[in-house]
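The sequence shown begins at 3 in the working numbering and counts up one residue at a time. For every residue, glycine included, the Cβ atom is placed at its ideal position computed from N, Cα and C. All values derive from a computational prediction rather than experimental measurement. Notes to accompany the following structure.
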Amino acid sequence: MRYSKTNSVLLRFVDYTLQILGFYQVFKMTFITICSILMPVKENNNLKNTAKSSAEFFALDDDLQLLRIATEAEGQERSMNLEKGFIYFFFCLEGSVAFAFSPHYTKALSKGNNFFYYNPEKDAPVALLFASGVKWIALKSSISKLHQLFLENTPELAFLSNENINRKFYEERPIDGKLLAPLNQMFSVQLSEHAQKVYFKGKVYEIFGLYFSHESESDMESCPFLKDEDQVRKIKAAKDALLKDPNHPPSLKELARQVGVNEYRLKTGFKEIYGNTVFGYLLDYKLENSRAMLDSGKYQVNEVAFSLGYSNPSHYITAFKKKFGVTPKKYISNR
């Protein structure tokens with residue numbers, strides 16, 4: 003096919019334009035990364051508080067920090083430097099956040115998921131890009147803080163053992179249903195400045211306790227020295243499949259078939275790892291989700307019941323009271 007001179011010039015112009023745009027994106031990410039190293043800033047100053055976004059930083063202890071971000075407008079950006087030797091937890095309750103670790107590597111954290119990050123070897127500057135409607139919590143803790151909280155009274159957490167202390171850890175997983183209530187409550191509570199700091203510190207300790215509760219002797223899911231890693235991997239896969247669509251879960255027989263174990267092994271393994279039956283665990287997950295919905299203040303009790311798949315709200319009210327000791331209506335009035 004032959005092109006006219008005008009077409010050739012136009013094609014060259016488009017080609018050059020695309021090259022320039024591509025260079026700009028690489029230059030932008032490189033510039034942000036360099037700035038986070040050469041010009042570090044306090045972690046609460048990068049994203050400005052406006053009517054449509056807020057970023058609040060709380061130093062809860064010398065080595066325990068909380069960053070709470072809520073955005074309505076899309077395209078909000080900030081940079082962070084993930085310091086070596088510190089443990090970071092990132093929880094995305096709404097929207098999504100892109101973590102740009104370099105101009106060529108970006109990892110997205112979507113709604114309902116969390117990152118766990120620990121690197122004992124080097125700092126990691128990262129650029130963050132927030133979508134609209136984000137609710138996001140970041141926690142930063144030293145190793146010594148977690149030692150104080152856990153090792154005196156509980157078995158060692160796998161990643162804190164002397165054998166693993168110099169290993170890098172990176173994990174992405176769904177936010178456990180038990181964590182949704184304390185995480186959402188950190189957005190809904192209205193307290194004075196000093197009272198808020200005490201409240202947040204208590205909530206962070208609650209989150210740590212729930213986050214690592216599966217690391218006990220009866221729950222070896224994340225331990226690197228499992229007696230039967232393959233079976234535990236299958237039980238974990240069963241949990242993920244169960245929570246993929248909580249309102250339409252597979253039957254026990256179908257779930258066992260999906261992950262490649264028999265029903266007896268699935269039931270006993272699930273009970274050993276998660277401390278509950280398969281469908282008892284699912285019910286707890288749904289009720290924790292419902293409590294988070296009530297905490298948001300956006301839903302009526304009937305709406306929450308229907309969203310969880312209950313055709314009769316009274317059945318939901320009964321299940322909620324059995325788990326939490328109060329009816330949903332009473333729970334809302336006591337908030």
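Taking C-alpha atoms, which residue in Q198, F118 and L148 lies nearest to Y172?
F118
6 Å CB neighbourhood of A140 in its chain, flanking five on each side removed
L69 and F92
Can you name the start and end residues of the alpha helix (DSSP H) that K325 belongs to?
P315 to F326
The alpha helix (DSSP H) spanning Q187 covers which residue range?
G179 to S190
Option nearest Y213 by Cα separation, candidates Q198, A183 and K236:
Ranking the options by Cα distance to Y213, first place goes to A183.
Taking the continuous beta strand (DSSP E) assigned at F92, which residues delimit it?
F88 to E96 is the extent of the beta strand (DSSP E) around F92.
Distance, M295 Cα to Q302 Cα:
9 Å
State yes or no: is the C-beta of D65 within less than 8 Å of the C-beta of K199?
no
Within the continuous beta strand (DSSP E) that includes Y119, where are the two ends?
N115 to Y120
Proximity to K246 [Cα-Cα], best of N115, S56 and A57:
Among N115, S56 and A57, the Cα nearest to that of K246 is on N115.
Could you check the C-alpha separation between Q78 and A321 for me, to the nearest Å?
40 Å
Can you tell which of Q192, S253 and I209 has its C-alpha closest to the C-alpha of L185?
Residue I209 is the option with its Cα nearest to L185.
Where the beta strand (DSSP E) containing E174 begins and where it ends
F171 to P176
According to DSSP, is A243 part of a helix, a strand, or is it coil?
helix
Beta-carbon contacts of Y312 that lie in its chain and below 6 Å, excluding the five residues immediately before and after:
Y318
What is the rounded straight-line gap between the Cα of L181 and the Cα of D242?
16 Å
Relative to the C-alpha of G262, which residue among G282, P251 and V234 is closest?
V234
Going by beta-carbon coordinates alone, are V128 and F88 separated by less than 8 Å?
no
Exposed or buried, what is R293 when buried is set at 16 or more other beta-carbons lying within 10 Å of its beta-carbon?
buried
For Y207 and I71, the rounded distance between their alpha carbons
19 Å
Ends of the beta strand (DSSP E) at P127?
A126 to F132
Rounded C-alpha distance that separates N249 from S98:
23 Å
8 Å Cβ cutoff met for E290 and G179:
yes
Hey, quick one: how far does the alpha helix (DSSP H) through K142 stretch, first residue to last?
Looking at the DSSP string, K142 is not in any alpha helix (DSSP H); the run it does join, the beta strand (DSSP E), is V136 to S144.
Relative to the C-alpha of D63, which residue among E96, P251, L84 and K142 is closest?
Considering only alpha carbons, the answer is K142.
Where Q302 sits in the DSSP three-state scheme
coil
Using DSSP's beta-bridge definition, name the partner residues of E195.
E195 pairs with nothing; no bridge assigned.
Can you check DSSP and say which residues form a bridge with I71?
A57 and W138
Need the endpoints of the beta strand (DSSP E) that T279 sits in, please.
Per DSSP, T279 lies in no beta strand (DSSP E) and is assigned neither H nor E.
Backbone CA spacing between A126 and K205 [nearest angstrom]:
27 Å
Q67 to F59 span [Cα, whole Å]
7 Å
Classification of L257 by the beta-carbon crowding that lies within 10 angstroms, buried from 16 upward
buried
Is D297 closer than 8 Å to A187 when the C-beta atoms are compared?
The sequence given here has Gln at residue 187, not Ala. If you check the CB distance, Q187 and D297 come in under 8 Å.
Identify, in the order they occur along the chain, each residue of the same chain with its Cβ nearer than 8 Å to the Cβ of F326, setting aside the five sequence neighbours on each side.
L289, R293 and Y333
Would you tell me roughly how many angstroms separate the C-alpha atoms of L285 and K137, rounded to the nearest one?
25 Å
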